[in-house]
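**Q** Chains as they are written, first to last, in the numbering used here: chain Y, 1 to 350; chain G, 1001 to 1350; chain W, 2001 to 2350.
Sharing a structure, written as C-alpha cells. Questions coming.
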Amino acid sequence: METSERPTYSLADIAERFGGEIVGDATVRITQVATLETANVQHVSFFSNPRYRRSLDQTNAGAVLVSREAADATNRPRIVCDDPYAYFARLSTFLNPTEAVVPGTHPSASVDPTASIDPSCSIGALVAIGPGAIIGARTLIQSGSSVGAKVRIGADCRIYANVSIYHDCVIGERVILHSGAVIGADGFGIAMENGRWKKIPQIGRVVIGNDVEVGANTTIDRGALDDTVLEEGVKLDNQIQIGHNCRIGAHTAIAGCVGIAGSTRVGRYCRIGGSAMIGGHLEIVDNVEISGATSVPKSLLKAGTYTSLVPISLHQDWLKNASHIRHLDSLATRVKELEARLADLERKPT
Amino acid sequence: METSERPTYSLADIAERFGGEIVGDATVRITQVATLETANVQHVSFFSNPRYRRSLDQTNAGAVLVSREAADATNRPRIVCDDPYAYFARLSTFLNPTEAVVPGTHPSASVDPTASIDPSCSIGALVAIGPGAIIGARTLIQSGSSVGAKVRIGADCRIYANVSIYHDCVIGERVILHSGAVIGADGFGIAMENGRWKKIPQIGRVVIGNDVEVGANTTIDRGALDDTVLEEGVKLDNQIQIGHNCRIGAHTAIAGCVGIAGSTRVGRYCRIGGSAMIGGHLEIVDNVEISGATSVPKSLLKAGTYTSLVPISLHQDWLKNASHIRHLDSLATRVKELEARLADLERKPT
Amino acid sequence: METSERPTYSLADIAERFGGEIVGDATVRITQVATLETANVQHVSFFSNPRYRRSLDQTNAGAVLVSREAADATNRPRIVCDDPYAYFARLSTFLNPTEAVVPGTHPSASVDPTASIDPSCSIGALVAIGPGAIIGARTLIQSGSSVGAKVRIGADCRIYANVSIYHDCVIGERVILHSGAVIGADGFGIAMENGRWKKIPQIGRVVIGNDVEVGANTTIDRGALDDTVLEEGVKLDNQIQIGHNCRIGAHTAIAGCVGIAGSTRVGRYCRIGGSAMIGGHLEIVDNVEISGATSVPKSLLKAGTYTSLVPISLHQDWLKNASHIRHLDSLATRVKELEARLADLERKPT
Chain Y
1 METSERPTYS
11 LADIAERFGG
21 EIVGDATVRI
31 TQVATLETAN
41 VQHVSFFSNP
51 RYRRSLDQTN
61 AGAVLVSREA
71 ADATNRPRIV
81 CDDPYAYFAR
91 LSTFLNPTEA
101 VVPGTHPSAS
111 VDPTASIDPS
121 CSIGALVAIG
131 PGAIIGARTL
141 IQSGSSVGAK
151 VRIGADCRIY
161 ANVSIYHDCV
171 IGERVILHSG
181 AVIGADGFGI
191 AMENGRWKKI
201 PQIGRVVIGN
211 DVEVGANTTI
221 DRGALDDTVL
231 EEGVKLDNQI
241 QIGHNCRIGA
251 HTAIAGCVGI
261 AGSTRVGRYC
271 RIGGSAMIGG
281 HLEIVDNVEI
291 SGATSVPKSL
301 LKAGTYTSLV
311 PISLHQDWLK
321 NASHIRHLDS
331 LATRVKELEA
341 RLADLERKPT
Chain G
1001 METSERPTYS
1011 LADIAERFGG
1021 EIVGDATVRI
1031 TQVATLETAN
1041 VQHVSFFSNP
1051 RYRRSLDQTN
1061 AGAVLVSREA
1071 ADATNRPRIV
1081 CDDPYAYFAR
1091 LSTFLNPTEA
1101 VVPGTHPSAS
1111 VDPTASIDPS
1121 CSIGALVAIG
1131 PGAIIGARTL
1141 IQSGSSVGAK
1151 VRIGADCRIY
1161 ANVSIYHDCV
1171 IGERVILHSG
1181 AVIGADGFGI
1191 AMENGRWKKI
1201 PQIGRVVIGN
1211 DVEVGANTTI
1221 DRGALDDTVL
1231 EEGVKLDNQI
1241 QIGHNCRIGA
1251 HTAIAGCVGI
1261 AGSTRVGRYC
1271 RIGGSAMIGG
1281 HLEIVDNVEI
1291 SGATSVPKSL
1301 LKAGTYTSLV
1311 PISLHQDWLK
1321 NASHIRHLDS
1331 LATRVKELEA
1341 RLADLERKPT
Chain W
2001 METSERPTYS
2011 LADIAERFGG
2021 EIVGDATVRI
2031 TQVATLETAN
2041 VQHVSFFSNP
2051 RYRRSLDQTN
2061 AGAVLVSREA
2071 ADATNRPRIV
2081 CDDPYAYFAR
2091 LSTFLNPTEA
2101 VVPGTHPSAS
2111 VDPTASIDPS
2121 CSIGALVAIG
2131 PGAIIGARTL
2141 IQSGSSVGAK
2151 VRIGADCRIY
2161 ANVSIYHDCV
2171 IGERVILHSG
2181 AVIGADGFGI
2191 AMENGRWKKI
2201 PQIGRVVIGN
2211 DVEVGANTTI
2221 DRGALDDTVL
2231 EEGVKLDNQI
2241 QIGHNCRIGA
2251 HTAIAGCVGI
2261 AGSTRVGRYC
2271 RIGGSAMIGG
2281 HLEIVDNVEI
2291 SGATSVPKSL
2301 LKAGTYTSLV
2311 PISLHQDWLK
2321 NASHIRHLDS
2331 LATRVKELEA
2341 RLADLERKPT
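See below:
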C-alpha cells in the first residue's frame, strides 16, 4: 500500500478507460483504491452499500465511485456509474496488475528429469515436481509445493507455497491454487467387511477447468472411479472440502468452510454461503443459492435461495425455547386435539 | 484409467478368486472397474443402489456385480453375490494394487544423521526427518513432509506430500496420512490470568494405531498431559479436527469437516457424519451413529443414531417459520393455557 | 513424559515459588505434572472439576492441587490455592520450559540474500525465505515453512513445519504459528460481470500482534484494501478461517473449526466456541461468548452468551419433531385462532 512512485491517473483518464460520468474536478489525480475510512486524497474509493453512509460523509478520498441513485450523496469529485463495485473491481485490477512471472527454476527445486516445464515458467525454491508432469507457459509455482507424477497444469497458473497436487490430476489455464490446498487426495471410500474397514482404490482424478480459484487449505478429493470435476470459472474460498466424484458447475462460487460430500453435483452459477454442508449423492440445480451455515440433506431441484438455521438468541432465552423443539410433535398433537374439542363445544347448542 | 496393457481376467477367473455365481457369458474379459455410466465392455461395474436403476439399464459394462435380489435386473453378464459393493471393493483392490515402494532416499531430502530409516523405505524429495526419528520397513514418505524429532513410524505406511508430524508422536503400521495432515500440534490449552491468556505446555503425544487413515488437512492435536489416541482401524476423512486428549475407538469412521473438542472419548465402530461437531469432555459409546451437521453438546451413552438439524426450506418459508423458534416457550405456555380454559368450559354445565 | 533425569522439587519448593498452602507432607518430591488417572508418586495433579471426583479418589499422584472448597476432598499431600487450574498452568510452564533456540540456518534452507535474519534465529531444514524478509531475534522456523517477500516477523516467535506466510504480512513478537497455518492468502473478493467472476486484487496485508497463537491449518486472509488484524494475545485453535478485513480484538480466544466471514469485527476478550460460524460485515462487541456450533448472522452489540442450536435427539425422535419446524408459522396461527375462538365461547352467556 505504498503510494510513492506509483503511476497516477486523473479522473478523466479513468473515465475515458472505464466509462462513467465525472461530477466535480476531473483533474484530480489518483494512485490507488482504498476504503472510505482509510482513503486519502490520492485514493479513489467506492460507495455501494448504504450501511457505509457515515463513512462516505467522513471520507478523505480524492474521488468516489457512486451509483446513479447516489450521484448526489457526496460533494467529492466522483464518477457516477451503473455498478460502483464492479467498476471498482475493474479499476483496482488496472491499478494493481499481477506481478510479471520471472522465468526460471530455483536451484533448490527438485524437478524430475522426465517432467516437461515450459521455459517461461517460474519454479520457486524447494518445489518438487514428479515424473512426467507437464507445466504450461508462464505458470508460477511457489516454494514448497509438490506436483505429483503425470500432473498436467495449463498456462498462466499461480500456485502458491505448500500446495500439494497428487498424481495424474489435470489443471486448466489461469488457475490459482492458494497455499495448503490439496488436490487429488484419496476420496473417503471404505467398505466394512468382517468388522474391519477395507479401503477402496480411488482411481479417478481431479480435473479443474480454466479460471478456477481454490482457496487456502481447501481439499478436493480424486474420484473413486470417475473424475472429480470443477468446471471453468468455479471460485472456492478457504477450508472447503469437495468429496470424491463431485462435479461443480461453471461459475459457481463457494464461501469458506463448506463441505460437499461425495458424488454430489452442483449446478452452474450457484452461490453457497460459508460453512454450509451438503450431503452426498445429491443434485443441486443451476442458480441455487444456499445460505451460510445451512445443511442440505436432500437434492435441490428448483432454483432459489435455501436456508436451515436456528435464529441466534441469548443463551438463557435459547435454553427456554429450544428445549421445546424436542416436543414439537406432541405440541402439534395437542393443538390438533384442542381444535377438535373446541369444534365440539362450538357445535353444542347453548 | 488407461486400459491398454493392463492384465485381463475372465468372469470365470474373477468368480474363482472372489466367489459369486456367474450368469451369462463367463468368458467375458475384464481389465478394470468403472461406474455404470462410464463403463465400456472391458469394465465390470456394480449395482447396489436402486437409485441407479436407469444407469443399469443403459450401461455398456462388460459385466455387472449384482445382489441376489437384483439377479435378473439386467441381461448383461453378471456375478450374483451377497454384497456387490464389498465384492467390488475386493475386486478393485485386486485390479488396482498399491504401487510397490522403490527403496531409497532422494538426495534433496534432509535426514538427521541420528534418525534410523529402514533401507527399504522410500524418502521423497525435500523431506525433512528430525533427530532420533525411527521409520519402519517399506514406509513411503512423499515430498515436502516433515517428521519431527524422535517420531516413530511403523512399517508399510504411506505419508503423502506436505504432511507435518510433531516431535515424539507414534504412528503404527500400514497407516496412511494424506497431504496437509498435521499430527501432534499443541492442543488448545490456555488459562486466563490477570487479563492475559497463559499457554499450558502440551506434553502428551499423538499415538496412532495400525491401519488408520487420516485425510488431507486433518489435524490431530497432541495431548496436554496424556496422549491423544486413535485406536487401530480408525478412518478419518479430510479437514477433521481432533482436540487434545481425545481417544477415538477402533474402527470408527469419521467423515469430512468434523470437529471433536478436547478430552472426548469416542467408542468403537462409531460412524460420524460430515460437519458434525462434538463438544469436549464427553463420552460417546460404541456403535453410535451421528448424522451429518449434527451438534453433540452432551455425552451419548446409548448406541443408536442421533440427529440435530433444522430441515432446509426455501428462504422465504424459513423466514416465516424459524422466527417462531424464538417464541416456542411462550407458544407452549399458550397451548397449556388453552387446554386449561377449554377444560373449564367443557366442565361447565350447559 | 520421561521422568528420569528430570529435576525434582519438593512441595515446599513449589509453594515457595507459586504460593498456596501445603496440607500434608511438604517434603514429597515432584518431577512433572500429570492427570489424576495417570499420575504416579513423582507427579503433581490438579482437581478443578467435580466431574473427576472419582479420579481424585483413585489417584496415585504424589500431590494434588486443590481449591479451598476442596481442601479436604483428598488425604494426599496437597497444595490448597485459589485456582488449581491456573496454578497448574504456571507450575507446568515452570516444569516444562520451552526448548532453547539453537541459532543457525540449516544448509538446506533457501534464504534470499536480501532477507535479514537475526543471527540468533534458528532456520530449519528446507525453509524458504523470500527477498526483503526481516526476522527478529531468537525466532525459530521449522522445516518446510515458506516466508514470503518483505514479510516482517518479530522476536521470539515459533513457526512450526510447513507454515505459509504470504508477502508483506507482519507478525509481532512471541507469536506461535502451528503447522499448515496460512497467513495472508487472498481474500475471497470477486465481482460478477457479464456472467463471469472477476477477481478483485487483495492489496491489504495480515497484521498479527504480539503473543498471538495460531493453530494448525488455520487460515487468515489478507485484506482486500485495508489490513486483516489480529490484536495482541488473540488465541486461535486449529482449522479456523478468518476472512479478509476482519479485526479480532485483543485476548479473544477462538476454538477449532470456526469461520468468520470478511469485514467482521470481533471485540476484545470474546470467547467463540468450536465450529461457530460468524457472517460477514458484522460487529461483535467485547466480552461476547458464542456457544459451539452457533451461527451468527447478525451483529451482537451487547456482551453476553449467545446460542443457536437444535437439541440433539435420537434420529427417530428428531424425524417426528423437526418436521414441525417447517410448519411453525401455521401452528402459531392455529394457536392464535384457537385463542380467539375460545375467547368467543367464554364470552357467550351460558
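Here a beta-carbon is modelled for each residue, glycine too, at the ideal position from N, C-alpha and C.
State the DSSP-derived secondary structure class of H2251(W), mapped to helix, strand or coil.
**A** Counting from one through the third sequence, the residue named residue 2251(W) turns up at place 251. In this structure, H2251(W) counts as coil in the three-state DSSP scheme.
**Q** Reducing DSSP to helix, strand and coil, say where F46(Y) ends up.
**A** The residue given as residue 46(Y) occupies position 46 in the first sequence. Looking at F46(Y) - three-state DSSP - the assignment turns out to be strand.
**Q** Can you check whether the CB of A2255(W) is closer than 7 Å to the CB of G2273(W)?
**A** Numbered from its first residue, the third sequence carries residue 2273(W) at position 273. Numbered from its first residue, the third sequence carries residue 2255(W) at position 255. Contact: yes.
**Q** Looking at the structure shown, is L1997(W) part of a helix, part of a strand, or coil, going by DSSP?
**A** Here chain W has residues from 2001 to 2350 only, and residue 1997(W) is not among them.
**Q** Taking G2262(W) and H2244(W) to be in contact with their CB atoms under 8 Å, please state how far apart those CB atoms are, rounded to whole angstroms.
**A** Residue mapping note: residue 2262(W) aligns to position 262 of the third sequence, counting from 1. Residue mapping note: residue 2244(W) aligns to position 244 of the third sequence, counting from 1. The Cβ separation is near 5 Å, so the contact holds.
**Q** Is the segment 83-93 of chain Y close to the segment 101-114 of chain Y, with three or more CB pairs under 8 Å?
**A** Because the criterion of three Cβ pairs below 8 Å is not met, the segment 83-93 of chain Y and the segment 101-114 of chain Y do not touch.
**Q** Who does I153(Y) pair with in a DSSP beta bridge?
**A** One-based indexing of the first sequence puts residue 153(Y) at position 153. DSSP lists I135(Y) and I171(Y) as partners of I153(Y).
**Q** Please report whether the beta-carbon of N2321(W) lies at a distance below 7 Å from any beta-carbon of chain G.
**A** The residue labelled residue 2321(W) in the question sits at position 321 within the third sequence. No, no contact with chain G.
**Q** With a threshold of 7 Å between beta carbons, is G1024(G) in contact with chain Y?
**A** By 1-based counting over the second sequence, the position of residue 1024(G) is 24. No, G1024(G) lies away from the interface with chain Y (no Cβ there is under 7 Å from its Cβ).
**Q** Please state whether DSSP places K302(Y) in a helix, a strand or coil.
**A** In the first sequence, residue 302(Y) corresponds to position 302, counting from 1. K302(Y): coil per DSSP, three-state reduction.
**Q** Would you mind working out which of S2313(W), G2024(W), V2028(W) and A2015(W) sits nearest T2008(W), comparing C-alpha positions?
**A** Position 8 of the third sequence, counting from 1, holds the residue named residue 2008(W). The residue with the shortest Cα to Cα distance from T2008(W) is V2028(W).
**Q** Using the rule of at least 16 other Cβ atoms within 10 Å of the residue's Cβ for burial, across every protein chain shown, is E2002(W) buried or exposed?
**A** For the purposes of this step, residue 2002(W) is taken as the residue at position 2 of the third sequence. Because the pLDDT at E2002(W) is just 46, under 50, the model does not fix this residue reliably, and the point stays unresolved.
**Q** Work out the CA separation of A2340(W) and P1349(G) for me, nearest whole Å.
**A** Looking up residue 1349(G) in the second sequence gives position 349. Looking up residue 2340(W) in the third sequence gives position 340. So the two alpha carbons sit approximately 22 Å from each other.
**Q** Give me the Cα-Cα distance between D13(Y) and L2309(W), rounded to the nearest whole angstrom.
**A** Here the question's residue 13(Y) lines up with position 13 in the first sequence. Here the question's residue 2309(W) lines up with position 309 in the third sequence. Their backbone Cα atoms lie some 54 Å apart in a straight line.
**Q** Run through chain Y and tell me which residues come within less than 7 Å of S1092(G), C-beta to C-beta.
**A** Walking along the second sequence from the start, residue 1092(G) turns up at place 92. Per Cβ cutoff of 7 Å: I200 and P201.
**Q** Tell me which residues of the segment 1226-1252 of chain G have at least one Cβ-Cβ distance to chain Y shorter than 7 Å, keeping chain order.
**A** Taking 7 Å as the Cβ-Cβ cut-off against chain Y, the residues of the segment 1226-1252 of chain G that qualify are G1233, K1235, D1237, N1238, Q1239 and H1251.
**Q** Could you check what DSSP says for Y357(Y) in three-state terms: helix, strand or coil?
**A** Any question about residue 357(Y) goes unanswered here, given that chain Y covers just 1 to 350.
**Q** Is the shortest distance between the beta-carbon of T219(Y) and the beta-carbons of chain G less than 7 Å?
**A** As a position in the first sequence, residue 219(Y) is number 219, starting the count at 1. Yes, its Cβ sits closer than 7 Å to a Cβ of chain G.
**Q** Given a cut-off of 7 Å on the beta-carbon distance, is the pair I2153(W) and I2129(W) in contact?
**A** On the third sequence, position 153 is the one that residue 2153(W) refers to. On the third sequence, position 129 is the one that residue 2129(W) refers to. For I2153(W) and I2129(W), no; Cβs fall outside 7 Å.
**Q** Measuring alpha carbon to alpha carbon, tell me which of V2151(W), V2147(W) and S2120(W) ends up nearest T2139(W).
**A** Working through the third sequence from its first residue, we reach residue 2139(W) at position 139. Among V2151(W), V2147(W) and S2120(W), the Cα nearest to that of T2139(W) is on S2120(W).
**Q** Measure the CB-CB distance between S1295(G) and L1282(G) and report whether it falls below 7 Å.
**A** Within the second sequence, numbered from 1, the residue matching residue 1295(G) stands at position 295. Within the second sequence, numbered from 1, the residue matching residue 1282(G) stands at position 282. Against a cut-off of 7 Å, the Cβ pair of L1282(G) and S1295(G) comes out as no contact.
**Q** Going by C-alpha distance, which of G184(Y), E173(Y) and T38(Y) is nearest H1178(G)?
**A** Translated into positions along the second sequence, residue 1178(G) becomes position 178. If we check each option's Cα against that of H1178(G), G184(Y) comes out closest.
**Q** Tell me which residue opens and which closes the alpha helix (DSSP H) that A2191(W) is part of.
**A** As a working mapping, residue 2191(W) is identified with position 191 in the third sequence. Counting along the chain, A2191(W) falls outside any alpha helix (DSSP H), though it belongs to the beta strand (DSSP E) covering I2190 to E2193.
**Q** Give the residues of chain Y in contact with D1089(G), contact being defined as C-beta atoms less than 9 Å apart.
**A** Numbered from 1 along the second sequence, position 89 holds the residue referred to as residue 1089(G). The question names Asp, yet the displayed sequence has Ala at residue 1089(G). What A1089(G) touches in chain Y: G189, I190, A191, E193, K198, K199, I200 and P201.
**Q** So, at 6 Å on beta carbons, what are the nonlocal neighbours of L1331(G) in its own chain, with the 5 sequence-adjacent residues on each side left out?
**A** Position 331 of the second sequence, counted from the first residue, corresponds to residue 1331(G). Nothing meets the Cβ criterion.
**Q** Any beta carbon from chain G within less than 7 Å of T305(Y)'s own beta carbon?
**A** Taking the first sequence and counting its residues from 1, one reaches residue 305(Y) at position 305. Closer than 7 Å: yes.
**Q** To which residues of the same chain is R205(Y) closer than 8 Å at the C-beta, ignoring the five residues directly before and after it?
**A** Within the first sequence, residue 205(Y) is the residue found at index 205, counting from 1. Closer than 8 Å at the Cβ level, and outside the excluded window around R205(Y), lie D168, C169, V170, G184, R222, G223, D227 and T228.
**Q** Exposed or buried, what is D1156(G) when buried is set at 16 or more other beta-carbons lying within 10 Å of its beta-carbon?
**A** Numbered from 1 along the second sequence, position 156 holds the residue referred to as residue 1156(G). By the neighbour-count rule (16 or more Cβ atoms within 10 Å), D1156(G) is buried.
**Q** Tell me whether S1116(G) is buried or exposed, calling it buried when 16 or more other Cβ atoms sit within 10 Å of its Cβ.
**A** Mapped onto the second sequence, residue 1116(G) falls at position 116. Flag for S1116(G) reads exposed.
**Q** So, with DSSP's three-state summary, where would you put S330(Y)?
**A** Looking up residue 330(Y) in the first sequence gives position 330. Looking at S330(Y) - three-state DSSP - the assignment turns out to be helix.
**Q** Does the beta-carbon of N2162(W) have 16 or more other beta-carbons within 10 angstroms, so that it is buried, or is it exposed?
**A** Against the third sequence, residue 2162(W) aligns to sequence position 162. The residue is buried, with at least 16 neighbouring Cβ atoms inside 10 Å.
**Q** Check whether the Cβ atoms of N287(Y) and A276(Y) sit closer than 7 Å, and answer yes or no.
**A** What you label residue 287(Y) is simply residue 287 of the first sequence in a count that begins at 1. What you label residue 276(Y) is simply residue 276 of the first sequence in a count that begins at 1. No, these two residues do not count as a Cβ contact at 7 Å.
**Q** Which residue marks the beginning of the beta strand (DSSP E) containing D2221(W), and which one marks its end?
**A** What you label residue 2221(W) is simply residue 221 of the third sequence in a count that begins at 1. Taken as a continuous stretch (DSSP letters only), the beta strand (DSSP E) holding D2221(W) covers T2219 to D2221.
**Q** Can you list the residues of chain G that G259(Y) reaches, using a CB-CB cut of under 8 Å?
**A** Within the first sequence, residue 259(Y) is the residue found at index 259, counting from 1. Those within 8 Å of G259(Y) in chain G are Q1239, G1256, C1257, G1274 and S1275.
**Q** Please classify L345(Y): does DSSP put it in a helix, a strand, or coil?
**A** Taking the first residue of the first sequence as position 1, residue 345(Y) is located at position 345. It is helical.
**Q** Please identify the residue among Q2239(W), L2065(W), F2018(W) and G2280(W) whose C-alpha is closest to the C-alpha of V2182(W).
**A** Locating residue 2182(W) in the third sequence gives position 182, where the first residue counts as 1. V2182(W) has its Cα closest to that of Q2239(W), out of Q2239(W), L2065(W), F2018(W) and G2280(W).
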